[in-house]
Amino acid sequence: MSTALLIMIGLALVLGALLGYAALKFKVEGDPLIARIDAILPQTQCGQCGYPGCKPYATAIAKGEADINQCPPGGDAGVHALADLLGVEYKPLNAEHGTPKPKSVAFIDEQTCIGCTLCIQACPVDAILGAAKHMHTIIASECTGCELCVAPCPVDCISMIPIGETPDNWKWKYPTIPIVPVGLSSVQVSKS
Amino acid sequence: MNTLVNFAQKGLKNVFKFHGGVHPPENKTQSTQLPIARASMPEKLVLPLRQHVGNLPKLKVSVGDKVLKGQLLAEAEGMVSAAIHAPTSGTISAIEDAMIPHPSGLPDKCITLVPDGRDEWIAHAPTDWRDADRKEVIAQLRNSGIVGFGGATFPSHVKLRTDGKSNVHTLIINAAECEPYITCDDMLMRERASEIVQGIQIAQHLLGADQAVIGIEDNKPEAAKAMQAAVIGTNIQVKVVPTLYPSGDARRLIYLLTGQEIPHDKRTTEVGLQVFNVATVLALYRYLDHGEPAISRIVSVTGNVGRPQNFEVLFGTPLHLLIQAAGGEKANTTHYIMGGPMMGFKLPSGDVPITKATNCIIASAPDLFEPPPVPMPCIRCARCADACPVNLQPQELYWFAKSDNFEKARDYQLFDCIECGACAYVCPSNIPLVQYYRYAKSEIITADRAKEAADLARQRNEFRLHRIEREKQERAAKHAERAQGAKAAETPAQGAKQDAASSPAVSEADAAKKAAIAAAIERAKAAKAAAAQAGEAPKNTEPASNAVKQEIAEIDARRKAAGLEGKQDAPSGDAKKATPEADAEKQAIIAAAIERAKAAKAAAEAAKKEKGE
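Pasting the structure below:
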């Protein structure tokens, strides 16, 4: 009887020590849920959701303060992914926060730019290069298309240019099957 | 037991059969009746910058430049990239977007070259590759413009680079040419076998490979015979493999020839093998032994044309010119296919140029290729799985791709699919399976790129926030420092006052100090006065040695003799002049200057008016 008891106590101590060690050794830093939500968000840092960036919005979702349908750049796919992650019902995008637009990058008309640096201060990802009283320019590869630089420009020299389709970013389309009216064979269709 | 059987088979067998594969009608004899012909010089050559896998090359010429045949037009940019050379001598007439042979049908940047008809070469610079340093030769190949001419167009200099880790012992030469209709490698081997063998020896030397094996399908007996005759006296082996599509895929061919299966996540070099196409090794030979960069290739023109034939074509030659050379298209031609009927794609028009990737052009007609029948639902027969040479589960991939379940498709190794089309070929429901795989692949690639961009944006945003926070802290620290400094300056003064009031002992000590200072000042004044009486300026020479004092005295004597003493004092005397007088003078001068400027301006305006009238 006492041996069994001792064995159980011993086991409990050993396992407890192991668990305690593991809890310290493999401690998870920060809230993993916020990081996982943040990973789904498109990182445009545009603030259309009403929060000052993607991370704050992710934090708000994790706390239950914000809804999952406030991110237009993430689109419908983003809302679906968030709904899957959080185990909640899918909701269509809230039109109050804007509608999805094709991905674009900002462009500075360098003839008009007066070098005021206001756009540089507004850019959330440091994608604008320039200095006071010197011409500014956009680093297109870093631009997220958030449009935050457009409003502060005092001379309206920034425009958003949608990224067109090139052989580089072209995608194969989903195979479509031509609809053939009943009674016509494919040969007849090809002749007509 | 299985391994035993395999082992026994390896010992006995010459070639090993891979899983799956199909055998569509070959249709190769049409274009092998005539020898390789040289296509005529077109009026203009259009060279797309995008002719290979990897980065676009960097332009080295501008519009209006005169170039010679073989001159570098664009150089390789970044690691994986290839150069582009002028296929003939002439003038660069434009650098602009033009139609390229790409499944998208979208235009891309091209260099347009108008030939001058002289076909004048640059000075050939052959390389002594046997004696030169291997690394240097490979670095030089970066400017050769040579890419995989089998159709994959991967830059060859990258494949030849050995990084010490890879230890290539066997070079496999891909001459299987398994796709129907295509015969460019077949004709090349028949006509230029000895040059190909020299090219193989170069590749062997550069890779350090002891062995080389040429794999040829058994539907090209003439080519096999020519190669066998050419390799006599070398350590190159010719192996004839059974005709089965897709034996020309690098990994399938390796298995056929060596019985070795390459793990899907490893490169062939990691197991000591490297694969080159016959046309690619020939290009290596032409570049290193003759100094000719890649400016042309062999193209099969077949299908619905008058005289199917192989042509040696300069890159940039318009497609319709080639069709004319092959006897023109027949009346019912609907469109052109680039590549073979299994893996090729429909060209957007007949105006596209021939590029490094163009191995075959097929004029398509309804009687050659029936329009695809209407796809029916999948009946789960798994015939596609039996035909798949990569041992994938095409039916699963199809369902995942169809339902946009891309993560699952990736889990089922969608990216190992070589898009050979064997599954779609055998599908009894006529489902365009490869189209689904291509769709899923490009969706996944796009999503991955977006994710990468998002990660970069997150990183940059976090760094920015971090920077703003740091600047704020630095500013706060500076403010705090300044505030503290001001306080510290205030406190001692207050303390002194308090001290004076509170303790008379201290104030007495202060008084003593003050008296001492006053006495010192008195002494200094007296000394100065004494010096002035003696007619000498104070010299501040007390601590100096006698020799120095003497020197100074001598210098003073010289200065007096030169009459400098008085002058030195003069400016200071001027400055000491009564200031109100000086101010009045200055103001008068300024007023005069303003008057003058006004007068000049008025005169200029008057002159202008006169001119205007």
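Sequence order for the protein chains is A and B.
So the number in our numbering is just where the residue sits in the first sequence, counting from 1, plus 42.
So the number in our numbering is just where the residue sits in the second sequence, counting from 1, plus 2.
Glycine included, each C-beta is placed from N, C-alpha and C at the ideal position.
Asked, Found
"Mind checking if V167 of chain A is an interface residue toward chain B, Cβ cutoff 8 Å exclusive?", "yes"
"In its own chain, which residues sit with a C-beta less than 7 Å from the C-beta of W131 of chain B, not counting the 5 before and 5 after it?", "V139, I204, H207, L290"
"What residues from the segment 77-88 of chain A come within 9 Å of chain B, judged by C-beta to C-beta, listed N to C?", "D80, A81, L83, P84, Q85, T86, Q87"
"Under 8 Å between C-beta atoms, does A459 of chain B make it to chain A?", "yes"
"Examine chain A for any beta-carbon lying closer than 8 Å to the beta-carbon of L61 of chain B, and answer yes or no.", "no"
"Using the rule of at least 16 other Cβ atoms within 10 Å of the residue's Cβ for burial, across every protein chain shown, is A601 of chain B buried or exposed?", "exposed"
"Can you give me the Cβ contacts of G120 of chain A inside the same chain, cut-off strictly under 8 Å, excluding the 5 residues immediately before and after it?", "I82, L83, P84, C113"
"With 8 Å as the limit, tell me which residues of the segment 83-107 of chain B have their beta carbon closer than that to any beta carbon of chain A; keep them in chain order.", "I102, H104, P105, S106"
"Would you mind sorting V550 of chain B into buried or exposed? The rule is 16 or more other CB atoms within 10 Å of its CB.", "exposed"
"Spell out whether any CB of chain A is found under 8 Å from the CB atom of A456 of chain B.", "yes"
"Counting contacts by CB-CB distance shorter than 8 Å, is V48 of chain B in contact with chain A?", "no"
"I'd like to confirm the pairing. Which residues does DSSP put opposite P117 of chain B in its beta bridges?", "B:G92"
"Suppose only complete runs of 3+ residues qualify. What are the beta strand (DSSP E) ranges in the segment 142-217 of chain A, listed by chain order?", "146-150, 200-204"
"Please report the residue range of the alpha helix (DSSP H) in which S196 of chain B lies.", "195-209"
"Please report the straight-line C-alpha distance between S83 of chain B and I156 of chain A, rounded to a whole angstrom.", "39 Å"
"Residues in the same chain with beta-carbon distance under 8 Å from K579 of chain B, minus the five sequence neighbours each way, listed in chain order, please.", "Low per-residue confidence applies at K579 of chain B: pLDDT is 45, beneath 50, and the placement is therefore not dependable, though the value from the model is reported in the following sentence. Once the five neighbours on either side are set aside, K579 of chain B has no close Cβ partner at all."
"Should A572 of chain B go down as buried or exposed, given a rule of 16 or more other Cβ atoms within 10 Å for buried?", "For A572 of chain B, the predicted structure reports a pLDDT of 42, less than 50, and the residue's modelled location is therefore unreliable. A value from the coordinates is still provided. The residue in question, A572 of chain B, is exposed, as its Cβ has fewer than 16 Cβ neighbours within 10 Å."
"Just to confirm before moving on: does the CB-CB distance between V24 of chain B and A389 of chain B stay below 8 Å?", "yes"
"Using a Cβ cut-off of 8 Å, pull out every chain A residue sitting near Q589 of chain B, in sequence order please.", "Those do not exist, as Q589 of chain B stays about 37 Å from chain A at its closest Cβ, beyond 8 Å."
"List, in order along the chain, the chain A residues whose C-beta lies closer than 9 Å to that of R525 of chain B?", "Here the premise fails: no neighbours, minimum Cβ distance about 58 Å."
"Have a look at A490 of chain B and A482 of chain B and give me their C-alpha separation to the nearest angstrom.", "12 Å"
"Terminal residues of the continuous beta strand (DSSP E) containing S298 of chain B?", "298-305"
"For E331 of chain B and I356 of chain B, what's the separation of their Cα atoms in angstroms?", "17 Å"
"Tell me which residues of the segment 138-149 of chain A have at least one Cβ-Cβ distance to chain B shorter than 7 Å, keeping chain order.", "none"
"Can you list, in chain order, the residues of its chain with a C-beta nearer than 7 Å to that of E398 of chain B? Leave out the 5 residues immediately preceding and following it.", "Y414"
"Could you work out which residue in B:A531, B:L323, B:M81 is closest to E314 of chain B when comparing CA atoms only?", "B:L323"
"Where in the segment 276-351 of chain B do unbroken runs of the beta strand (DSSP E), each at least 3 residues long, occur, reported from the N-terminal end onward?", "298-305, 311-316, 337-340"
"I'd like to know if the segment 123-132 of chain A and the segment 163-173 of chain A are in contact, where contact means that at least 3 CB-CB pairs between them fall below 8 Å.", "no"
"Could you check where the alpha helix (DSSP H) with I102 of chain B kicks off and where it finishes?", "That residue, I102 of chain B, is in no alpha helix (DSSP H); it is neither H nor E in DSSP."
"On the three-state DSSP scale, how would you describe N463 of chain B?", "helix"
"Give a yes or no on whether the minimum CB-CB distance between R52 of chain B and chain C is below 8 Å.", "Reference to chain C is not applicable here, since the protein chains of this structure are A and B."
"Chain A partners of D110 of chain B, CB-CB under 9 Å?", "T208, P209, D210"
"Kindly indicate which three-state DSSP category G217 of chain B falls into: helix, strand or coil?", "strand"
"With which residues is I364 of chain B paired in a DSSP beta bridge?", "B:T304, B:I339"
"Let me check understanding here. Comparing Cα to Cα, which of A:P196, A:G58, A:A108 lies closest to K133 of chain A?", "A:A108"
"Based on Cα-Cα distance, which residue from B:T282, B:I591, B:L286, B:Q262 lies nearest to L275 of chain B?", "B:Q262"
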